[in-house]
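K.L.:
After the structure tokens below, expect a handful of questions from me.
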Amino acid sequence: MLHVHDLFTPSVQHALDLVGIFVFAISGALLAVRKNFDVFGIAVLAEVTALGGGLFRDLIIGAVPPAAFTDLGYFLMPLIATVLVFFLHPEVERTQAAVNVFDAAGLGLFCVTGTTKAYDYGLGLTSSAALGLATAVGGGVLRDVLANEVPSLLRWDRDLYAVPAIVGATMVVLCIRFDVLNGFTSGAAVITAFALRLLAMRYHWRAPRAWNRRSSAREEDAQKATAQ
Amino acid sequence: MLHVHDLFTPSVQHALDLVGIFVFAISGALLAVRKNFDVFGIAVLAEVTALGGGLFRDLIIGAVPPAAFTDLGYFLMPLIATVLVFFLHPEVERTQAAVNVFDAAGLGLFCVTGTTKAYDYGLGLTSSAALGLATAVGGGVLRDVLANEVPSLLRWDRDLYAVPAIVGATMVVLCIRFDVLNGFTSGAAVITAFALRLLAMRYHWRAPRAWNRRSSAREEDAQKATAQ
Amino acid sequence: MLHVHDLFTPSVQHALDLVGIFVFAISGALLAVRKNFDVFGIAVLAEVTALGGGLFRDLIIGAVPPAAFTDLGYFLMPLIATVLVFFLHPEVERTQAAVNVFDAAGLGLFCVTGTTKAYDYGLGLTSSAALGLATAVGGGVLRDVLANEVPSLLRWDRDLYAVPAIVGATMVVLCIRFDVLNGFTSGAAVITAFALRLLAMRYHWRAPRAWNRRSSAREEDAQKATAQ
């Protein structure tokens, strides 16, 4: 079995994972504060947001018990985020821009490590990329479902979130396909996804809604303009 | 191990699965358009609706990685449905009656194949039927949860959906119990569930709500009638 | 492997499990009636509430198929609760206090058995406690998500629910750590969690919301008082 996730040294890989988990946990904890949850609600939403995507991936590939339940650091990181947000949430919200940058880093990192781990466990290239995407966005979807909101991943009026992860995951499987996956190309995939997400936020890139919905909306606008 | 799902030839079975996945994906994609999701939201909801039930079944019986992640056709079918609905959704909605017929076919098919696969993996008869039901309705429940709606499966004001699947799954386990499960009886279970769902839609069959809730509503009606 | 769940005799353990499942099912069925679901919606919500936590635990530790699908009693108990609530829901709601007591008993029981089973399957002490907590509260969270409500576990305006389960699970892992886990200490953990939940309901103990949110609210109150 090709252990393609020996791309980074284990300790670097682990440190990167912890950073990704931490920033995702911050985003969960902040939503919990906005929804007026109590301190346990904040902790639950932080844990679910940070670990949900990886948990789903590990259940699918049969890696049980999932890393979230075997690595104590993975479990403690969201609790640290909870304490931080509990006491300092106005300060953390004021640094929302910084949080968004970290979240983009987590997105880039998780789509690459998720794809790599899925391939390691024997999934095909397309399935690995799909599961990498699910790893990166799954926690955020669970967060929004628990907070009883429409997942921001699905909403039209949010800046592109899936596309950067799809690009990152696709780069990884192309590298695997052409046998050039290594620490360098892998890092390039992380950085590409990260940069694309930053650009999407900066320039408010949106994905299109269904075709005729837009056309009919445009027609209505045209009719209104004529009527005036 | 009795491989009762060798009922149909593998290629027929696979073709039927793909049809079921496709029609469920259409229903997910249409809901996404109505909820004003972007194109990625449409694709996610199509995938989840089409593959969610089978994914749940495979996790429960320990068939990992689930078929949804090993069979490329299963993954691509919802993407085709997404493209179709993206460009043609007014036409697809106009054929809502046709979509409902296909959805009923998917329901019939999935409750039978779900029950059969669960039994193959060693579950008891009752559990197999329960998991067959979950396979058939699980995707739709996930679809509604992600769209932040009360699952239509649970709602009182929707035509019977669970009962046809329960009948189909029960027919399968009775056939297993009396050792008469074959391509013919299995097909009969699919067609029975399919026909029951069509009849439920045609005649707006509903399931009752809790006992006293209805009685008190009737009393109120009676009081109103007296008052007039 | 230390089978710490041989604490109680198997038949006592099983009877306690069935009681816990039954009372959780009642709480799910009652919410379904309040949400105006039909009889199948009531049954689905009863099953999900009663079995969801244990199902999640079993998927995480790799105990597939989960007990919910291998033990017929686990599956039938929620159906009995459904029939009961369907016909007698005003009477059951009138005994809401009694239901709450049973629900507290289920909480105490499930956090202890969940923690023990997780440890049996090789999880660490912290992870076992976390999974014991998830077993105890998971069904209720799923119930609220399916009913399209914010999980009451997360809400600030509900009496403490997580803390009693955390205390119970922590007592179990401390007993394991100091090698004094037996039927007696295990029962003490159940009773402690049970009693804490009863006290939380009796005295409306709440968990705090985020720090500054409370301060600013207090400031607003102070300003209002000054303005008058």
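Protein chains in written order, with our numbering: chain A, 2 to 229; chain B, 2 to 229; chain C, 2 to 229. Backbone N, C-alpha and C fix where the C-beta goes; we use that ideal spot for every residue, glycine too. Given the structure is predicted, the values throughout are model-derived calculations rather than measurements.
Which residues, in order along the region 182 to 207 of chain A, keep a beta-carbon less than 9 Å from a beta-carbon of chain C?
P.N.:
none
K.L.:
Check A226 of chain C in the structure and name its three-state DSSP category.
P.N.:
Reliability fails at A226 of chain C, whose pLDDT of 47 lies under 50, so the model's placement of it is uncertain and the value that follows must be treated cautiously. Here A226 of chain C sits in helix by DSSP.
K.L.:
Please decide whether T127 of chain C counts as near chain A, where near means a Cβ-Cβ distance under 8 Å.
P.N.:
Taking 8 Å as the CB threshold, T127 of chain C lines the interface with chain A.
K.L.:
When you compare only the Cα positions, how much space is there between F57 of chain A and E48 of chain B?
P.N.:
15 Å
K.L.:
Which residue or residues does DSSP assign as beta-bridge partners of F38 of chain B?
P.N.:
A:R156
K.L.:
From G138 of chain A to A106 of chain A, what distance separates their C-alpha atoms?
P.N.:
Checking the sequence, you will find Val at residue 138 of chain A rather than Gly. Each residue's alpha carbon lies about 13 Å from the other.
K.L.:
Is it buried or exposed, A16 of chain A, if we count other Cβ atoms within 10 angstroms and call 16 or more buried?
P.N.:
exposed
K.L.:
Between E1 of chain A and L147 of chain B, what straight-line distance do the alpha-carbon atoms span, to the nearest angstrom?
P.N.:
Chain A is shown from 2 up to 229; residue 1 of chain A falls before or after that span and cannot be answered.
K.L.:
So, with DSSP's three-state summary, where would you put R207 of chain B?
P.N.:
coil
K.L.:
Of all the options B:M78, B:H205, B:L132, B:T50, which has the alpha carbon lying nearest to the alpha carbon of T71 of chain C?
P.N.:
B:L132
K.L.:
Kindly indicate if chain A contains any beta-carbon less than 8 Å away from that of E94 of chain C.
P.N.:
no
K.L.:
Fully enclosed by the region 141 to 196 of chain A, which alpha helix (DSSP H) runs are 4 residues long or longer?
P.N.:
163 to 178
K.L.:
Using a Cβ-Cβ cutoff of less than 7 Å, which residues in the same chain neighbour R178 of chain B once the five nearest sequence positions on both sides are dropped?
P.N.:
L126
K.L.:
Cα-Cα, which of A:V173, A:A33, A:V100 is closest to D121 of chain A?
P.N.:
A:V173
K.L.:
To the nearest angstrom, how far is it from the Cα of V13 of chain A to the Cα of P79 of chain A?
P.N.:
19 Å
K.L.:
Assuming the contact rule is C-beta atoms closer than 8 Å, A163 of chain C and F41 of chain A should be a hit. Round their C-beta distance to whole Å, please.
P.N.:
4 Å
K.L.:
Under three-state DSSP, which class holds T136 of chain C?
P.N.:
helix
K.L.:
Going by the CB atoms, is the gap between I43 of chain B and V86 of chain B shorter than 8 Å?
P.N.:
yes
K.L.:
Could you round the C-beta distance between L199 of chain A and V102 of chain A to whole angstroms and report it? I think they count as a contact, below 8 Å.
P.N.:
Indeed, because the Cβ distance is near 7 Å, the residues count as touching under 8 Å.
K.L.:
Would you decide whether A98 of chain B is buried or exposed? Buried here means 16 or more other CB atoms lie within 10 Å of its CB.
P.N.:
So A98 of chain B ends up on the exposed side.
K.L.:
Is the beta carbon of F111 of chain C closer than 8 Å to that of G1 of chain C?
P.N.:
In this structure chain C extends from 2 to 229, so residue 1 of chain C is not present and cannot be described.
K.L.:
Just reading off the alpha helix (DSSP H) that Y1 of chain A is part of, what are its end residues?
P.N.:
An answer regarding residue 1 of chain A cannot be provided, because it is not within the stretch 2 to 229 covered by chain A.
K.L.:
Go to V93 of chain A, then tell me how far its alpha helix (DSSP H) extends in each direction, as first and last residue.
P.N.:
73 to 95
K.L.:
Which residue's Cα is closest to the Cα of R144 of chain A: A:P11, A:D18, A:L19, A:A26?
P.N.:
A:A26
K.L.:
Per DSSP, what kind of secondary structure is P66 of chain A in: helix, strand or coil?
P.N.:
For P66 of chain A, the secondary structure class from DSSP, reduced to helix, strand or coil, is coil.
K.L.:
Could you check if H205 of chain A is buried or exposed, using at least 16 other CB atoms within 10 Å of its CB as the buried criterion?
P.N.:
exposed
K.L.:
When we look at the beta-carbon of R203 of chain C and count the other beta-carbons within 10 Å, is it buried (16 or more) or exposed?
P.N.:
By the 10 Å Cβ count, R203 of chain C comes out exposed.
K.L.:
Going along the chain, which residues of its own chain have a beta-carbon closer than 7 Å to the beta-carbon of A68 of chain A, five neighbours each way excluded?
P.N.:
The beta carbon of A68 of chain A is closer than 7 Å to those of G55, D59, Y75 in its chain, skipping five residues each way along the sequence.
K.L.:
So N1 of chain C contacts chain A; which residues on that side make the cut at Cβ distance below 9 Å?
P.N.:
The requested residue 1 of chain C is not part of the displayed model; chain C covers only 2 to 229.
K.L.:
Quick check on H6 of chain B: does DSSP put it in helix, strand or coil?
P.N.:
Annotation note: pLDDT 49 at H6 of chain B (below 50); position unreliable, no value reported.
K.L.:
Nearest-angstrom Cα distance between V65 of chain C and P91 of chain A?
P.N.:
45 Å
K.L.:
Please look up how many angstroms separate the CB atoms of I62 of chain B and L124 of chain B, rounded, as I've assumed it's under 8 Å.
P.N.:
Rounded, the Cβ-Cβ distance is 7 Å, consistent with contact.
K.L.:
If distances are taken between C-alpha atoms only, which option among B:P152, B:D104, B:F195 comes closest to K36 of chain C?
P.N.:
B:P152
K.L.:
Distance cutoff 8 Å, beta carbons only. Does V45 of chain C sit that close to anything in chain B?
P.N.:
yes
K.L.:
With a threshold of 8 Å between beta-carbons, can I51 of chain A be considered close to chain C, or not?
P.N.:
A small correction: the amino acid at residue 51 of chain A is Ala; Ile does not occupy that position in the sequence shown. It does not; no Cβ of chain C falls within 8 Å.
K.L.:
Show which residues of chain A have a CB atom less than 7 Å away from the CB atom of P152 of chain C.
P.N.:
L147
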